[in-house]
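First the structure, in the form of structure tokens, and then the observations on it.
Protein chains in written order, with our numbering: chain W, 93 to 472; chain X, 806 to 1653.
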């Protein structure tokens, strides 16, 4: 009988324990958000301007914002080395998004421009990747862009002109900081910007319905400091700056892009991208920029991934090894691209891969090597 | 003799035990009274513990929940004056870069669809808020906040579906918001903790409140004290950086005293219940004396009998605990409503939280229930098992034992008393230990009650016999000889009654002190405040017009601001008042000194008694206050009595305030009217003053006073509830044991009838006997209650709240105490008297 009583008591207790645990059954899952879910404007009633082929770029005006375009960015990526030869990669990007606003509300928080900025540092030697983001409305002077002197900023992150150069050149101080790391770099363009696509009009699909205005400073001389966990590294190297604005970057069936900006040891630069479609061939474009600034469009033979890396955090497979083959006047260009460290995933509100890469290959019969940056978006 | 003889083994050992249990249970079925009392005792004891525990837990988790959504992971807040905070300060902080985890907030209390409940409208910037609250709150709705007009996120879209309209009101403003979605947590799931909140984008909140350019506050997550110091250095003097950790700790501490009080009352109920469990167990054993004796005679060992009695009690405990947990859960809903109301009034706004049943509470209450039953039941059960067959059937043996026990218990009672006193003296700031001391202090003397009653009856019997006759004498003699049955009930009753009296007297003294304080402190006829949070100040123009207003003799002005001292966050009261109003302050130290001159000197403050007690401040001490000119020491010139803030308050003159603190103007006007002027006549005139805030709340002295006392009474509703619960248990126990005793004596009563006692005489004797028992228990409880009251006033309240109060012993409560005790015991006599009345003599005699 006593055993029965003890049994009943046990059952009673177990029952209560189970009941009280029901509340805790939610699985620990990370929120999955994307830039489109945060800043999507698909339902916006606003009218936007669209990229046109006949627009002539003008500087310094086009360094500034084009507020009636849906998206715009000031994109800096660079491959740097410390005095001791320690290699780093960095990315600093200011994104601007236009959206609707409310005419009936008269306060500073009601704005039609929102900013987001991303910072990342790849410490190759220690196989470490750190990244951060910041966001703000274009309110109360918290974020924006000024043309003269040029300054784009979001809170205390900025790219600000340090010395007046020719109207189409830029000398900037880049500053941004994340949790435990920061950059303070001085970048200076060597010459006028390279207008991508057709005089800066960059087509993004076979149909031509998606396009952007796009120019680059592919080889900005860079020096400054990178700080990681209290340690300061004096660094120097080359920065690639991209400027792009558009209201229709992707068509409905396009799912993402793979983009490469490469500095070769010959002094040549290559920019190549493919925009993948759900069905059908990707739209591809590539250009060779010679040291004397001549731009030579390349025929893309193929752009194939060679190996994948699975993010331990997001479980997304990113192709971090690539084989690119182009036709050019100099002959076939064959490049093997590999990331310098595998984990360079930007696991932020907008999730993508942006990482420093190394290049090996041939231009014709000449062996070449190089460094660069690779961006992969739209992988799930 | 038969202890070594085994019972008939046709069913084996377990079978025999099973049979025995069946016999016991069948016996219980025949007369379920005692078992029901045990069950009721366990149930109510456990229910009280569960109820108090859940209430305390839920109130605390509600506080944590409200804080979670309100301040998230914020460690600090920047606040401005009552009107708000310039939003450019937010820009300054963000552009500085050293403090990236900052989020602007526009928040206010609103009502929805003309309902009574108030909601917190939280206006956030989703682009920075995720750094503080780690939840999307608005999920992916940032753009929707702009696309649709007046969107709002609600805790529950079942109550307000997406697309429905919510009319949100604030003062005389109202706007129809459209429900855009649910408030989400960090996992993008609907946030179950969001009850009481409505969330919208900061642009809509600011537009709704018409607070152009103003924030309510900035929430910050700072990594270190160094960060806080660096941030402080870039902030203008007009704004304050508040350490939330300090504030939350202070808030938790504030409610700690309140929760400890509740817990103490919960345990008191359990203790009273334990007495009754003991009592009813003894009773059950006594009632089955004959049967147990027979069982022993046929060979059952004392071990087997003990085991079966234990099993029986375990089943009762299990059932009682189960019902108790359920009842406690139900009780907690009622208690939580009372507690939430009190916390809302006294401390900070809490939404009515849902009742949760934490596993710790279940384990604790189950443990306490079983342990209490085991402790209460172990002695009588062991005794029943051990006593020899012969003794079991002798009832007088039991009475002798009870008397011996009641004598033996006296030194234990004295020890309890002394230990209790020592615990109270040496418990310093620990409330829990002080409460334990109080228990012992009351329990010790209460345990001596049966012996005292025995002694009183011994003295009374001949006196009563000579004056009131045989019937009364018989009643007194019976009380004395039935102490084995009534003794424990008497202890439980006097414990509950004394606790009840002590608490009642304490509350009454407190109320009297508060009333007296209001009488002194509030000398004006009218009190005027603005009800518009963004327009709280009275301008100089208003003041100049007030001075010449017909019917107004004089007007005083005051305001309160929060300041962070080394002791934490406190209110500073600044007063621009006349000398006669100032004399309304009940200055305690230095006594009999007019401080008016000193009060108007530079860098002087008064502190409240609560502040002085909590922080060991004496007159003449210097307190460093954060002024617009940096930290400056102020001299404490006096300590005054104040019941408006248990956390403590500092008071300074308007001249000091003007010079050293960000002064935006007064927020309260106290008006003294010329003789003969009726307050209601002048209210409209004040409202008509040019430059008066848009909406004014003007209350007369009487209205304000009534409101304060109403709040006071609300505060103690929960205490009252628990007090009555304890009393209920004790009275039920008392009634039960007296009824049972009288029923058992039906044969004796029949004999009395047979020898010529009239029915009226017997009825009188029964009721007189029970009434005297109750009266004596009540009488003994009176000094205990007085002692408890003194301890609560002079020890517990000073430690809990830091304030002293006048002691008022209202004889009404003392009479009521004796009355309740006597009446409940008299009532206990009615049923046996009626039964005896109806029972024929033959039936009564046949039982012999």
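Yeah, the Cβ is synthetic: ideal placement off N, Cα and C, and Gly gets one too.
Quick caveat: nothing in here was measured; it's all calculated off a predicted structure.
Is there at least one Cβ from chain X nearer than 8 angstroms to residue i's Cβ?
i              : result
residue 233(W) : yes
residue 368(W) : no
residue 472(W) : no
residue 192(W) : yes
residue 401(W) : no
residue 254(W) : no
residue 269(W) : yes
residue 35(W)  : With chain W represented from 93 up to 472, any question about residue 35(W) goes unanswered, as that position is not in the structure.
residue 201(W) : yes
residue 331(W) : no
residue 455(W) : no
residue 197(W) : yes
residue 135(W) : Residue placement at residue 135(W) is flagged as unreliable, the pLDDT there being 46, under the threshold of 50; a coordinate-derived value is accordingly withheld.
So residue i is in the alpha helix (DSSP H); what residue range does that whole segment cover?
i               : result
residue 140(W)  : Run containing residue 140(W): none; DSSP gives neither H nor E here.
residue 179(W)  : Premise fails: residue 179(W) lies in the beta strand (DSSP E), 179–190, not in any alpha helix (DSSP H).
residue 1256(X) : 1254–1273
residue 1640(X) : 1616–1643
Answer yes or no: does any C-beta atom of chain W fall closer than 8 angstroms to that of residue i?
i               : result
residue 930(X)  : yes
residue 1065(X) : no
residue 913(X)  : no
residue 866(X)  : no
If you measure between the beta carbons of residue i and residue j, is that distance less than 8 angstroms?
i               : j               : result
residue 1593(X) : residue 1129(X) : no
residue 1074(X) : residue 1530(X) : yes
residue 1630(X) : residue 1543(X) : yes
residue 1045(X) : residue 884(X)  : yes
residue 380(W)  : residue 360(W)  : yes
residue 1242(X) : residue 1218(X) : no
residue 1356(X) : residue 1382(X) : no
residue 847(X)  : residue 1071(X) : no
residue 1639(X) : residue 1567(X) : no
Apply the 10 Å Cβ neighbour rule to residue i and answer buried if 16 or more other Cβ atoms are within range, or exposed otherwise.
i               : result
residue 1268(X) : exposed
residue 1429(X) : exposed
residue 1434(X) : exposed
residue 1438(X) : exposed
residue 862(X)  : buried
residue 1278(X) : buried
residue 1042(X) : exposed
residue 205(W)  : buried
residue 310(W)  : buried
residue 1231(X) : exposed
residue 1253(X) : buried
residue 459(W)  : exposed
residue 1114(X) : buried
Between which two residues does the beta strand (DSSP E) containing residue i stretch?
i               : result
residue 1016(X) : Looking at the DSSP string, residue 1016(X) is not in any beta strand (DSSP E), and its letter there is neither H nor E.
residue 463(W)  : 458–468
residue 1475(X) : 1473–1478
residue 1377(X) : 1373–1381
residue 1442(X) : 1435–1446
residue 1418(X) : Counting along the chain, residue 1418(X) falls outside any beta strand (DSSP E), though it belongs to the alpha helix (DSSP H) covering 1414–1420.
In chain B, which residues lie less than 9 angstroms from residue i when you measure between Cβ atoms?
i              : result
residue 900(X) : As a matter of chain content, chain B is missing from the structure shown, whose protein chains are W and X.
Can you pull out the residues from the segment 980–1012 of chain X whose beta carbon lies closer than 8 angstroms to at least one beta carbon of chain W? 991, 992, 993, 994, 1006, 1007, 1008, 1009, 1011 and 1012
Near-chain X residues of the segment 212–240 of chain W - C-beta to any C-beta below 8 angstroms: 226, 227, 228, 229, 232, 233 and 234
* Can you give me, in chain order, the residues of the segment 1016–1029 of chain X that have a beta carbon less than 9 angstroms from any beta carbon in chain W? => 1016, 1017 and 1018
- Item | Contact list for the segment 1170–1189 of chain X against chain W, Cβ threshold 9 angstroms | 1171 and 1175
- Closer than 7 angstroms, Cβ to any Cβ of chain X: which residues of the segment 382–413 of chain W, in chain order? none
Taking a cut of 8 angstroms between CB atoms, which residues from the segment 884–899 of chain X lie near chain W?
892, 893, 895, 896 and 899
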